[in-house]
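Written out below as structure tokens is the structure these notes cover.
Number of protein chains: 2
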Amino acid sequence: MKNQTLWQGIASDLEKEIVAGSLARGSRLPTESMLSQRYGVNRHTIRKALSHLAEKSLIWSKRGSGVFVMQKPTIYSMGERVRFSQNLLDAGRTPSRQKLSLSQRLATHEEASSLKIKKNSKVHHYEGISFADDEPIALFHSVFCSKRFPALDEYIEDLQSVTQALKKCGVNDYIRATTYVSAVAASSLQANHLRIKPNDPLLCTTSLNTDKSGTPIEFGRTYFSGKHVTLSYEA
Amino acid sequence: MKNQTLWQGIASDLEKEIVAGSLARGSRLPTESMLSQRYGVNRHTIRKALSHLAEKSLIWSKRGSGVFVMQKPTIYSMGERVRFSQNLLDAGRTPSRQKLSLSQRLATHEEASSLKIKKNSKVHHYEGISFADDEPIALFHSVFCSKRFPALDEYIEDLQSVTQALKKCGVNDYIRATTYVSAVAASSLQANHLRIKPNDPLLCTTSLNTDKSGTPIEFGRTYFSGKHVTLSYEA
DNA sequence: CACCTATATACAACTAGACAAATCTTATCC
DNA sequence: GGATAAGATTTGTCTAGTTGTATATAGGTG
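Taken in sequence, the protein lines are chains A and B.
Last residue of the first sequence: 269 in the numbering used here, with the numbers rising by one and none dropped.
Last residue of the second sequence: 269 in the numbering used here, with the numbers rising by one and none dropped.
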């Protein structure tokens, strides 16, 4: 605690301000230049302190824009019924989604066998980003059998919710049948979407939702930012 | 005067240059490498000489930057009315201040009870460095009740003077009610600001200023560099 | 021996400056 | 009002130079 370097002192000082709340969650930090003046050190020393805080996932930075305080890590609960919005509302976060693409294409071999449909069947492909308090926490893509849900894409477009859209298709409830979890390194594209660095760890969940009778409904993959999300398997 | 070591000879040589003025106050010395070349000795021998001069407070050094000649020490007078600028002007020095941060936050327990305001009240927090002739002599931080002085921060920002800013808020005079003095060791951050070494002694004054009726106005701490400042309590 | 002086080498911490890349701001035009 | 262009800000990256610290070696002195 005593003989610490300058950048360590600055880092712990800033960390105190963050946890004390005088630097609010999601707010912007002073620029590196301002901080270097405040602490009377070179900008590189500030950057060392900031990179330390970034590794601890307390802040994140965007070139040309600034350095920001991160939101709280999210606990994403994985139970029998996994509902993105309700999940985050339960955790006191504000959920939102951003559509990246919504189209129809032929099912891959994996998708077809998981959904128990014929090879080369058409599927709806829905791809997007999940946010919590305007912070991106996950990239997802799901496929649904086009034959079974002909107008699903329009419903999703309108309602911005998979659960609601499926209801319109007559599926009032669906259940998480299987979930596989693995860890992968983020591609540069994924990293950019999730505001993390390439090769940062991602939690990759591959899941299948079915109706109560066990008929497959939806198959998809979600890549959670490992720094923002902890998956919870309680109950 | 004869049997002196290499480093003693170099030290007294440099000291002569300083007092003679050929190495001006505030100027930078040649780098240790250059000095070791000039005197034909190892760099460590130079460092031994320099550290001797540093202990005598003739020079100070900054890692990565260089070694500099120090200014004269300051006598800081503590009476009923403590006014930074006037104080130094009286001592024939040129005062200046540098703002490090100016923000609002919740009062700590100590601050609230000293200012006689409610817990969790908002306060203006003003933090900075005091200079005499461009040499830092103290780090200060003060808090003022935000409710009582709503626009104080803007006034301080504009006027760069607490006394003047308080006048704009209707406080024409204030009196030093209490002052506690203690000695503490400098943290690495404090040392960097004051151009001294970590664990060098600081004079820590904790003070409360009130108006004539005894109502608390300002509560603050000032850390004087023990090497640069002597506090004076003459009547 | 113990201690100080001095040399030699290597690395860590920090400063200094410059430039590139991304972003934000502002003025201008239609 | 909205699109565009120019300029200013801000973070990212790189090279170079300076002081701080640690270790090892050797000679001289009380």
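Cβ atoms here follow ideal geometry from the backbone N, Cα and C, with glycine treated the same way.
Computed from a prediction, not measured in an experiment: that's the story for all the values here.
Beta-bridge partners of residue 210 of chain B, as assigned by DSSP: B:243, per the DSSP bridge assignment.
Straight-line gap, residue 295 of chain B to residue 84 of chain B (C-alpha atoms, nearest Å): No information on residue 295 of chain B is available, as it lies outside the stretch 35 to 269 that chain B covers here.
Cβ of residue 77 of chain A within 8 Å of any chain B Cβ: Taking CB atoms only, residue 77 of chain A has no neighbour in chain B less than 8 Å away.
CB-CB length for residue 263 of chain B against residue 172 of chain B, believed under 8 Å: About 7 Å separates the two Cβ atoms, so the contact holds.
Cα-Cα separation, residue 63 of chain B to residue 70 of chain B: So the two alpha carbons sit approximately 12 Å from each other.
Every unbroken beta strand (DSSP E) within the stretch 71 to 154 of chain B, with a cutoff of 3 residues, ordered by chain: Complete beta strand (DSSP E) runs here, min 3: 93 to 96, 100 to 103, 108 to 111 and 129 to 140.
Element boundaries [alpha helix (DSSP H), containing residue 176 of chain A]: Boundaries for residue 176 of chain A: no alpha helix (DSSP H) harbours it, while the beta strand (DSSP E) harbouring it runs 169 to 179, taken from the DSSP string.
Residues near residue 149 of chain A by beta carbon distance below 6 Å, same chain, minus five either side: Closer than 6 Å at Cβ, skipping near neighbours: 179, 250 and 253.
Alpha-carbon to alpha-carbon, residue 238 of chain B and residue 215 of chain B: Distance between the alpha carbons of residue 215 of chain B and residue 238 of chain B: 6 Å.
Sequence-distant residues of its chain with Cβ nearer than 6 Å to residue 193 of chain B (five each side left out): Hits under 6 Å: 199.
Nearest-angstrom Cα separation, counted from residue 119 of chain B out to residue 196 of chain B: Taking the straight line from one Cα to the other gives about 10 Å.
Any 3 or more C-beta pairs closer than 8 Å across the stretch 43 to 57 of chain A and the stretch 76 to 95 of chain A: Yes, they touch.
Neighbour-count burial assignment, residue 57 of chain A, 16 or more Cβ in a 10 Å radius: Counting other Cβ atoms within 10 Å of its Cβ, residue 57 of chain A reaches 16 or more and is therefore classed as buried.
Residue 197 of chain A - containing alpha helix (DSSP H), residue span: Where residue 197 of chain A is concerned, the enclosing alpha helix (DSSP H) stretches over 196 to 202.
Own chain partners of residue 53 of chain B with C-beta closer than 6 Å, once the 5 adjacent residues on each side are dropped: So the list is empty, once near-sequence residues are dropped.
Contacting positions in the stretch 224 to 236 of chain B - beta carbon closer than 7 Å to chain A: For the stretch 224 to 236 of chain B, the beta-carbon criterion of a distance under 7 Å to any beta-carbon of chain A is satisfied by 226 and 227.
Expected contact under 8 Å - CB spacing of residue 165 of chain B and residue 131 of chain B to nearest Å: That belief holds up - the Cβ atoms of residue 165 of chain B and residue 131 of chain B are roughly 7 Å apart, short of 8 Å.
Paired residues, beta bridge with residue 158 of chain B - DSSP: Answer by DSSP bridge pairing, in chain order: B:138 and B:178.
DSSP-derived helix/strand/coil call for residue 236 of chain A: DSSP places residue 236 of chain A in the strand class (E or B) of the three-state scheme.
Classification of residue 219 of chain B by the beta-carbon crowding that lies within 10 angstroms, buried from 16 upward: Only exposed fits residue 219 of chain B, as fewer than 16 other CB atoms lie within 10 angstroms of its CB.
Contact test: residue 256 of chain A Cβ vs the ligand MG heavy atom, cutoff 7 Å: Because no ligand of any kind appears in the structure shown, any question about the ligand MG cannot be addressed here.
Interface partners of residue 39 of chain A on chain B, CB under 9 Å: Chain B residues near residue 39 of chain A: 222.
Simplified DSSP state of residue 166 of chain A, which is helix, strand or coil: Note: residue 166 of chain A maps to strand in three-state DSSP.
Extent of the continuous alpha helix (DSSP H) run through residue 189 of chain B: Residue 189 of chain B -> alpha helix (DSSP H) spans 186 to 193.
Residue 260 of chain B and residue 236 of chain B closer than 8 Å at C-beta: Yes, Cβ-Cβ distance for residue 260 of chain B and residue 236 of chain B is below 8 Å.
Within 8 Å, strictly: CB atoms of residue 255 of chain A and residue 143 of chain A: Not in contact: residue 255 of chain A and residue 143 of chain A (Cβ atoms no closer than 8 Å).
Start and end residues, beta strand (DSSP E) containing residue 263 of chain B: Where residue 263 of chain B is concerned, the enclosing beta strand (DSSP E) starts and stops at 263 to 266.
Environment of residue 79 of chain A [buried if 16+ CB atoms lie within 10 Å]: Classification of residue 79 of chain A: buried, given that the 10 Å Cβ count is 16 or more.
Where residue 89 of chain B falls, given that 16 or more other Cβ within 10 Å makes a residue buried: Classification of residue 89 of chain B: exposed, given that the 10 Å Cβ count is below 16.
Spatial distance of residue 111 of chain B from residue 123 of chain B (CA atoms): Those two C-alpha atoms are separated by around 11 Å.
Rounded separation between residue 94 of chain A and residue 145 of chain A - CA only: If you take the alpha carbons of residue 94 of chain A and residue 145 of chain A, they lie about 35 Å apart.
C-alpha distance - residue 40 of chain A paired with residue 65 of chain B, whole-angstrom precision: Approximately 22 Å, taken between the alpha carbons.
Alpha carbon of residue 96 of chain B to alpha carbon of residue 76 of chain A, nearest angstrom: Cα to Cα, residue 96 of chain B sits roughly 11 Å from residue 76 of chain A.
Residue of B:155, B:134, B:227 and B:212 minimising C-alpha distance to residue 68 of chain A: Answer by Cα proximity: B:134.
Opposing strand residues paired with residue 59 of chain B [DSSP bridges]: Beta-bridge pairing links residue 59 of chain B to no other residue.
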